[in-house]
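Asks: Residues in the sequence shown are numbered from 2 upward in steps of one, following my numbering. We put the CB at the ideal spot given by N, CA and C, even for glycine. All values derive from a computational prediction rather than experimental measurement. This is the structure I want to talk about, given as structure tokens.
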Amino acid sequence: MNRVKLSDSVELPHYLSHSTEHFIEVVAEPQPAPAAGSVAALTVSLAAALCVKSALLSTRQMSQAPSLADSAKELMHRSEELCQVDAESYAEVILALRAQRLRVSLSNRNKVQTAIGQAAQVSLEVVKVALEVGSIASQLAEQGNPNLIGDSVTAAVLAEAGVRSSIALASINLNEIGSDIDSAELTQLLAVAEAHTTRAQEAARTRSTL
2 MNRVKLSDSV ELPHYLSHST EHFIEVVAEP QPAPAAGSVA ALTVSLAAAL
52 CVKSALLSTR QMSQAPSLAD SAKELMHRSE ELCQVDAESY AEVILALRAQ
102 RLRVSLSNRN KVQTAIGQAA QVSLEVVKVA LEVGSIASQL AEQGNPNLIG
152 DSVTAAVLAE AGVRSSIALA SINLNEIGSD IDSAELTQLL AVAEAHTTRA
202 QEAARTRSTL
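Listed below in structure tokens is the structure:
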């Protein structure tokens with residue numbers, strides 16, 4: 002089993018180097034990671050994979066389909082990486098909290114704050130990737146192969162779910178450390194994700210081949 006060494010006391014497996022069944026079983030185990038953040042990132046990766054499929058099968062309908070496929074594939078791999086990075090970052094939070102419980106000090110408290118802040122940044126990176134995936138999905142729903150509209154709509158919906166989940170996780174972590182949260186910006190990001198899904202769903206209604 003491929004593993005990632007975080008420290009002298011934590012060692013994590015490369016989760017996506019195994020089967021989907023294995024990953025689901027690991028998520029269900031009573032341990033801190035992988036958890037919500039990794040699941041959100043993997044959801045975005047699957048959305049991007051659907052975009053790759055739709056784009057590759059839309060070359061007759063869209064001249065930019067190959068470029069969209071390449072972009073979606075990059076986003077797919079990036080969100081796969083974030084699935085692992087999220088688990089690693091949360092494991093660092095657990096390590097910092099344990100150290101703080103063993104010895105309360107300003108240094109250990111700062112380490113906890115830093116670890117939680119870094120975990121929040123991972124979630125915000127997932128949001129960024131998910132918004133790009135949603136944009137591609139909506140374009141494909143509107144202009145791509147009509148036989149793949151269901152795939153494009155599903156990609157947009159999954160990408161929006163990734164945005165919503167990751168914003169919630171980032172907000173929880175930032176609140177935990179008393180960091181300022183730009184609620185207006187987060188609301189705008191949610192609105193953009195919703196707009197991508199709405200565009201895709203409207204395309205499905207107007208371009209239905211049935």
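Determine the extent of the alpha helix (DSSP H) in which residue 15 is found, giving its start and end residues.
Replies: Taking the first residue of the sequence shown as 1, we reach residue 15 at position 14. No alpha helix (DSSP H) contains residue 15, which DSSP labels as neither H nor E.
Asks: Buried or exposed for residue 155, please, with buried defined as at least 16 other CB atoms from any protein chain shown within 10 angstroms of its CB.
Replies: For the purposes of this step, residue 155 is taken as the residue at position 154 of the sequence shown. Buried, by the Cβ-count rule.
Asks: Assuming residue 84 contacts residue 131 (C-beta within less than 8 angstroms), just tell me the rounded distance between them.
Replies: Counting from 1 along the sequence shown, the entry for residue 84 is found at position 83. Counting from 1 along the sequence shown, the entry for residue 131 is found at position 130. Not quite, the Cβ-Cβ distance comes to about 12 angstroms (not below 8 angstroms), so this is no contact.
Asks: For residue 7, which three-state DSSP category applies?
Replies: What you label residue 7 is simply residue 6 of the sequence shown in a count that begins at 1. Unreliable positioning characterises residue 7 in this predicted model, as indicated by a pLDDT of 40, which lies under 50. A coordinate reading is not provided.
Asks: Taking 6 angstroms as the limit between beta carbons, can you name the residues of its chain near residue 177, skipping five residues before and five after?
Replies: Here residue 177 refers to the residue found at position 176 of the sequence shown. Cβ within range, chain order: 117.
Asks: Between the C-alpha atoms of residue 44 and residue 124, what's the straight-line distance to the nearest angstrom?
Replies: One-based indexing of the sequence shown puts residue 44 at position 43. One-based indexing of the sequence shown puts residue 124 at position 123. The straight-line gap from Cα to Cα measures roughly 13 angstroms.
Asks: Count the C-beta pairs between the stretch 30-37 and the stretch 71-91 that are closer than 8 angstroms, then say yes if the count reaches three, no if not.
Replies: Yes: at least three Cβ pairs fall under 8 angstroms.
Asks: So, with DSSP's three-state summary, where would you put residue 147?
Replies: Reading the sequence shown from its first residue, position 146 is the one you call residue 147. Looking at residue 147 - three-state DSSP - the assignment turns out to be helix.
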